[in-house]
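Novice: Please see the structure below; I have some questions.
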Amino acid sequence: MPAELKTVTVIGAGGKMGMRISANFQNSQYQVFYCENSPQAREKVAAEGREISDPESVVPLSDVVILAVPDIVLGKVSQAVVPQMKTGAILLTLDPAAAYANLIALRDGIEYAVAHPCHPSVFLQRYTKEEHDDAFGGVAAIQHVAASWESGSDAQRSELAKVINCMYGPVEQVHWVTVKQLAYLEPTLVETVACMVGAFMKESLDETVKHCGVPEEAAKAMLYGHIQIALAVAFRATNPFSDACMIAMEYGREKIIKPDWKVIFEEKELDTVIARMLKIDKINR
Ligand SMILES: NC(=O)c1ccc[n+]([C@@H]2O[C@H](COP(=O)([O-])OP(=O)(O)OC[C@H]3O[C@@H](n4cnc5c(N)ncnc54)[C@H](O)[C@@H]3O)[C@@H](O)[C@H]2O)c1
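Counting from 1, position 206 in the sequence shown corresponds to residue 258 in this note's numbering; the numbering is continuous, with no gaps.
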């Protein structure tokens, strides 16, 4: 890898993540090339004043090639891109699933890293309207990033962290973990559990209104406030749950959660969920 990373290519620049990270790169110190193959997405890139490049011309020039394409095509796209990369360049993906499943094309002399945004914390102190409005991160609200570069040295990682800080900024900290640990963070911790619980709470809200006839505004007011206090008590121990609340919580656990739910942290289950997400039969080792 070059001592200083200067040139970046974003492949899939017109997608959801491609547009976000490109907006942050646009006025940065990096020389950035934008590649996109869908005509509609190309229009979105051009509308932001970013010129579309041909990957064959720009990938060989790039110190970092970011694949912001859907995970299910990362294998195919990496097979096309990796042979064109210069020796020592870094292939950066934005989710650990394909790397964990060994779908990314490998080549000696190419470095492989993954960087996933944590999104701004629910406990973040937000001061401005822009910070309040930035639920996803990458605009105004500061967030952390979880990243993996197993063969990188500390110095190399801190050089790549500058690119990560730029693309996902404002960033408080980059946490370096292994690809497998990153996969336990996402999907297991944050999608299998946290996003599922979020969607489950919305379903419970709808059921309270539909089944019990509670006015929707009353149900929303009660739930939104209690989501806040439940998180504050569970994660920050601001005050204890009341004795009656703990009895109701225990009843909920008995009715809703399977006793063996922690199997989701076993490797076999991680393989199952990632294979399902990538629409493949099984993880190749
Ligand atoms: N969407 C999110 O909230 C989110 C969050 C974190 C990480 N990620 C990760 O970011 C990556 C991209 O996801 P997304 O949601 O932005 O996908 P997306 O479907 O919104 O965008 C993908 C873009 O890639 C383009 N593309 C596909 N193949 C291409 C090719 N060969 N050359 C050039 N462009 C090509 C598509 O036309 C599309 O514009 C995935 O790895 C995903 O897991 C997504």
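Using N, Cα and C, we set each Cβ at its ideal position, and we do this for glycine too.
State the start and end residues of the unbroken alpha helix (DSSP H) segment that holds Ser74.
Specialist: It spans Lys68 to Gln78 - the alpha helix (DSSP H) in which Ser74 sits, taken as one unbroken run.
Novice: The alpha helix (DSSP H) with Val191 in it runs from where to where?
Specialist: Segment: none, Val191 is in no alpha helix (DSSP H) and carries neither H nor E.
Novice: What are the complete beta strand (DSSP E) segments, minimum 3 residues, inside the region 104-128?
Specialist: The region 104-128 contains these whole beta strand (DSSP E) runs: 116-119.
Novice: For Arg102, count the other beta carbons within 10 Å of its own beta carbon; 16 or more makes it buried, fewer makes it exposed. Which is it?
Specialist: Arg102 comes out buried.
Novice: Report whether the distance from the Cβ of Ile118 to the nearest heavy atom of ligand 1 is below 7 Å.
Specialist: Checking every heavy atom of ligand 1 against the Cβ of Ile118, none is found closer than 7 Å.
Novice: In angstroms with no decimal places, state the Cα-to-Cα distance between Lys68 and Tyr220.
Specialist: Those two C-alpha atoms are separated by around 13 Å.
Novice: Please say whether Ser114 and Ile156 have beta carbons closer to each other than 8 Å?
Specialist: Cβ distance not < 8 Å, so Ile156 and Ser114 don't count as in contact.
Novice: Indicate whether Tyr86 and Ile73 have their beta-carbon atoms separated by less than 8 Å.
Specialist: Not closer than 8 Å, so no.
Novice: Is Arg244 near ligand 1, judged by its Cβ being under 7 Å from some heavy atom?
Specialist: Inspection of the sequence shows that residue 244 is occupied by Thr rather than by Arg. The answer is no for Thr244.
Novice: Quick one: what's got a C-beta closer than 8 Å to Thr230's C-beta in the same chain, skipping five residues either side?
Specialist: Excluding residues within five positions, the ones whose Cβ falls inside 8 Å are Ser200 and Glu202.
Novice: Suppose contacts are defined by Cβ-Cβ distances below 8 Å. Is Leu330 in contact with Ala153 by that definition?
Specialist: Cβ atoms of Leu330 and Ala153: closer than 8 Å.
Novice: Assuming Phe85 is part of the beta strand (DSSP E), what are its boundary residues?
Specialist: Note, Phe85: beta strand (DSSP E), Gln83 to Cys87.
Novice: Identify whether Pro169 lies in helix, strand or coil by the three-state DSSP scheme.
Specialist: Note: Pro169 maps to strand in three-state DSSP.
Novice: Which residues share a DSSP beta bridge with Thr145?
Specialist: Leu119 and Val166, per the DSSP bridge assignment.
Novice: Are Ala193 and Pro172 close, meaning C-beta to C-beta below 8 Å?
Specialist: Yes, the pair counts as a contact, with Cβ atoms nearer than the cut-off.
Novice: In the DSSP assignment, find the beta strand (DSSP E) that holds Glu224 and state where it starts and stops.
Specialist: Val223 to Trp228 is the extent of the beta strand (DSSP E) around Glu224.
Novice: Taking the alpha carbon of Glu255 as the reference point, which residue from Leu275, Arg288, Asp333 and Trp313 has its own alpha carbon closest?
Specialist: The shortest Cα separation from Glu255 among Leu275, Arg288, Asp333 and Trp313 belongs to Leu275.
Novice: Near Gly70, what residues of its chain come up, given a Cβ to Cβ distance below 6 Å and the 5 sequence neighbours on each side ignored?
Specialist: Around Gly70: Val62, Gly64 and Ala120.
Novice: Quick one: grab the DSSP three-state call for Ile156.
Specialist: Reduced to three states, the DSSP call for Ile156 is coil.
Novice: Below 8 Å on the Cβ atoms is my contact criterion, and I expect Phe142 with Val116 to pass it. Report the Cβ-Cβ distance as a whole number of Å.
Specialist: The sequence shown places Ile at residue 142, rather than the Phe named in the question. Right, the Cβ-Cβ distance comes to about 5 Å (below 8 Å), so this counts as a contact.
Novice: Per DSSP, what are the beta-bridge partners of Ile63 in this structure?
Specialist: For Ile63, which the question treats as bridged, DSSP gives the partners Cys87 and Leu119.
Novice: Since Ala151 and Tyr164 should fall inside the 8 Å C-beta cutoff, what is the C-beta to C-beta distance between them, to a whole number of angstroms?
Specialist: Going by Cβ atoms, the distance from Ala151 to Tyr164 rounds to 7 Å, so yes, they are a contact pair.
Novice: Please identify the residue among Ala282, Pro54 and Ala93 whose C-alpha is closest to the C-alpha of Val174.
Specialist: Ranking the options by Cα distance to Val174, first place goes to Ala282.
Novice: Can we say the region 224-239 touches the region 318-333, given the rule of at least three CB pairs closer than 8 Å?
Specialist: Verdict: yes, contact present.
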